[in-house]
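Number of protein chains: 2
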Amino acid sequence: MLSKAQIKLIRSLKHKKFRDKHNLFVVEGEKVAGELLLDAGNENSIYAVHSLYASSGWIRQNREILSGKFPVFEITMEDLEQISFLSTPRNVMMLIKIREMIFNPGFLQGKLTLVIDTVQDPGNLGTIIRIAHWYGIPNIICSMTSADLYNPKTIQATMGSFLSVRVFYTDLYGFLKDCYSTTSIPIYGTFLSGSNIYTCELASEGLIVLGNESKGISEELIPFIHTWLSIPAFPVQDKPDSLNVAQAAAIVCSEFRRRGL
Amino acid sequence: MLSKAQIKLIRSLKHKKFRDKHNLFVVEGEKVAGELLLDAGNENSIYAVHSLYASSGWIRQNREILSGKFPVFEITMEDLEQISFLSTPRNVMMLIKIREMIFNPGFLQGKLTLVIDTVQDPGNLGTIIRIAHWYGIPNIICSMTSADLYNPKTIQATMGSFLSVRVFYTDLYGFLKDCYSTTSIPIYGTFLSGSNIYTCELASEGLIVLGNESKGISEELIPFIHTWLSIPAFPVQDKPDSLNVAQAAAIVCSEFRRRGL
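Chains as they are written, first to last, in the numbering used here: chain A, 1 to 261; chain B, 1001 to 1261.
Here is the structure:
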């Protein structure tokens, strides 16, 4: 049985203000819970568990991986329905401590990195993190105006990939200006018109800037982009205006990786 | 000012049962409304408008494209908030008559066609329709167990591309069995293991089967698939289990089209 205070705390974590205040975020589902519990036993684990809420059945089946280092609450499905952010609640929910990730410029060396300029939909950000994981892109740099990594919808859409991809938030203008003037890392951006991504030369090291869902890449960032990439549409009369940013990210990552495989 | 009956009707269209009963679905937003109104003037237009609900400002600006063939209701933003399915309501909402689309086997000849096996999330289906439009894929065949085209979330995620791509619902077992045994059209499917899509031969005519978000392609359909395609992950130790289906669709469509461009 959950206390009113617990329910209030968990529900409040829908909002960034309360996630920041309590330094906690929510993870739901058996698969991610399993991965987190395995990872929590690891010395280098990024995330620490604050508490776990699960059905009696789940607890029975997973007793071995529960370490005793954090409180476990056995709750009913009615309780889970009250605290879940999903339309169909799962058997387990965890509160996880937010850990500050420290950026190191060396992370960019020899690697592909996604740079997210004001992607506002948490589902889009989450699926971008998932595709980055698929293609072995270890770091994502987001503008402060992008969706929050710890929004329950972002976390859900990553399907566990937030455990493997580091996501940093920073002022992109300063960050890109710095990369542009002090490093030789190529900076790519996706635009509606630019070099055909299918035939353009693509390096195995670089920053790839993806823009806002409706406005694209901010004007102030454009001077720092070396190569404008575009995904050609198949010639049709009534070509759509744009692609979904998470689908564009998938196509762009696919093209960069195809060259190296 | 909207009547209670109007509000009740519009809100009920969230559910397929009532969309089918009233033969109506909802479209929101200025861009799609504009396209629909232009299309409605066209003799070959697929969709007929039932009614339109908009702010006084929108009506003033768009008087020229309002044909007088359907009722227009000037409503307040408070009214729009009551009937909208979006978290941020737009200035205009339309009710559109559902039109039965008649499938013609000739539609498959010489073209790429997506075949959707139980994609359940309306947002995923909508973005798949959007990517099909981008790559000039004119037809999508869905299993009866897939998300509904006319779900407000599907329509919203298409960003207007539902006007350009035909979406049919049918029993996929019978459909694929028929294509397999009576035509020479190649049938591709996406799997977690299969031929590397980057190096495999891909035709400019074919059916491309995409499977359910968690279960993939149904077992009963597998005998009809000529070529198993897979999207290779970049070699990482903790490779994720799968890709988001809408992102996989984007990568697959991109690969098919890249060869022909």
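For glycine and all other residues, C-beta sits at the position ideal for the given N, C-alpha and C.
A quick note: this is a predicted structure, and the numbers were derived from the prediction, not measured.
Endpoints, the alpha helix (DSSP H) within which residue i is located
i                             : result
isoleucine 1010 of chain B    : 1004-1012
valine 245 of chain A         : 245-260
phenylalanine 1018 of chain B : 1016-1022
Listed by chain order, chain A residues near residue i by CB distance under 7 angstroms
i                         : result
aspartate 1238 of chain B : Ser164
First through last residue of the beta strand (DSSP E) which encompasses residue i
i                        : result
arginine 1166 of chain B : 1166-1170
tyrosine 1188 of chain B : 1187-1196
glycine 206 of chain A   : 206-210
serine 1230 of chain B   : 1227-1230
Neighbourhood of residue i by C-beta, 8 angstroms cutoff - its chain only, sequence neighbours within 5 removed
i                             : result
threonine 1227 of chain B     : Pro1186, Ile1187, Tyr1188, Gly1189, Gly1194, Ser1195, Cys1200
phenylalanine 1085 of chain B : Lys1014, Val1026, Glu1028, Pro1152, Lys1153, Gln1156
glutamate 1035 of chain B     : Gly1160, Leu1163
lysine 263 of chain A         : Summary: the structure shown does not reach residue 263 of chain A, with chain A confined to residues 1 through 261, and so no result is reported for it.
glutamate 30 of chain A       : Trp58, Arg90, Asn91, Val92
tyrosine 47 of chain A        : Leu36, Asp39, Ala40, Ile96, Lys97, Arg99, Leu163
Contacts that residue i makes with chain B (C-beta to C-beta distance below 9 angstroms)
i                        : result
alanine 203 of chain A   : Those within 9 angstroms of alanine 203 of chain A in chain B number zero; the least Cβ separation is about 15 angstroms.
histidine 133 of chain A : Ala1233, Val1236, Asp1238, Lys1239, Pro1240
tyrosine 198 of chain A  : Ser1254, Arg1257, Arg1258, Leu1261
Residue i: contacting residues in chain A (beta-carbon distance under 9 angstroms)
i                       : result
serine 1161 of chain B  : Pro240
glycine 1123 of chain B : Gly123
Neighbour list for residue i in chain B, Cβ cutoff strictly below 8 angstroms
i                         : result
threonine 127 of chain A  : Asn1244, Ala1246, Gln1247
proline 235 of chain A    : Gly1136
isoleucine 251 of chain A : Ala1250, Ile1251, Ser1254
arginine 130 of chain A   : Pro1240, Leu1243, Asn1244, Gln1247
Beta-carbon separation (whole angstroms), residue i vs residue j, contact threshold 8 angstroms
i                             : j                             : result
glutamate 1219 of chain B     : glutamine 1120 of chain B     : That belief does not hold up - the Cβ atoms of glutamate 1219 of chain B and glutamine 1120 of chain B are roughly 17 angstroms apart, past 8 angstroms.
isoleucine 1129 of chain B    : valine 1092 of chain B        : Not a contact, Cβ separation roughly 21 angstroms.
lysine 1016 of chain B        : aspartate 1148 of chain B     : 5 angstroms
leucine 221 of chain A        : valine 245 of chain A         : Actually they are not in contact, since the Cβ atoms of leucine 221 of chain A and valine 245 of chain A sit about 15 angstroms apart, beyond 8 angstroms.
valine 1072 of chain B        : leucine 1066 of chain B       : 6 angstroms
serine 1230 of chain B        : isoleucine 1197 of chain B    : 6 angstroms
leucine 1192 of chain B       : phenylalanine 1224 of chain B : No, leucine 1192 of chain B and phenylalanine 1224 of chain B are not in contact; Cβ-Cβ is about 19 angstroms, not under 8 angstroms.
phenylalanine 1070 of chain B : valine 1049 of chain B        : 5 angstroms
alanine 250 of chain A        : isoleucine 1251 of chain B    : 5 angstroms
isoleucine 1010 of chain B    : isoleucine 1083 of chain B    : 4 angstroms
glycine 1110 of chain B       : glutamate 1205 of chain B     : 5 angstroms
methionine 77 of chain A      : serine 55 of chain A          : 6 angstroms
serine 1051 of chain B        : leucine 1095 of chain B       : 5 angstroms
histidine 133 of chain A      : proline 1240 of chain B       : 5 angstroms
glycine 123 of chain A        : glycine 1123 of chain B       : 7 angstroms
arginine 257 of chain A       : phenylalanine 1234 of chain B : 5 angstroms
7 angstroms Cβ shell around residue i - same chain, five flanking residues per side excluded
i                          : result
aspartate 1171 of chain B  : Met1144
asparagine 1023 of chain B : Lys1097, Ile1098
alanine 1203 of chain B    : Pro1186
serine 1012 of chain B     : Phe1018
isoleucine 1007 of chain B : Gln1082, Ile1083
Same chain, Cβ closer than 6 angstroms to residue i, neighbours up to 5 away in sequence not counted
i                             : result
cysteine 253 of chain A       : Ile131, Tyr135
tyrosine 180 of chain A       : Phe224
threonine 158 of chain A      : Gly126, Ile129, Arg130
phenylalanine 1103 of chain B : Phe1168
threonine 113 of chain A      : Asn139, Leu207
tyrosine 173 of chain A       : Glu220
tyrosine 1053 of chain B      : Phe1073, Ile1075, Met1093
Contacts that residue i makes with chain B (C-beta to C-beta distance below 7 angstroms)
i                       : result
histidine 15 of chain A : Per Cβ cutoff of 7 angstroms: no residues; histidine 15 of chain A is ~14 angstroms from chain B at best.
Scan the stretch 1129-1158 of chain B and note each continuous alpha helix (DSSP H) run of 4 residues or more that stays entirely inside, going in chain order. Positions of the alpha helix (DSSP H) runs, each at least 4 residues long and wholly inside the stretch 1129-1158 of chain B, are given as 1152-1158 in order along the chain.
Which complete beta strand (DSSP E) runs does the stretch 70-128 of chain A hold, if anything under 3 residues is left out? If we require 3 residues or more, the beta strand (DSSP E) runs fully inside the stretch 70-128 of chain A come out as 72-74, 92-97, 112-116.
Alpha helix (DSSP H) segments (min. 4 residues) lying fully within the stretch 37-63 of chain A: For the stretch 37-63 of chain A, the full-length alpha helix (DSSP H) segments reaching 4 residues or more read 56-61 along the chain.
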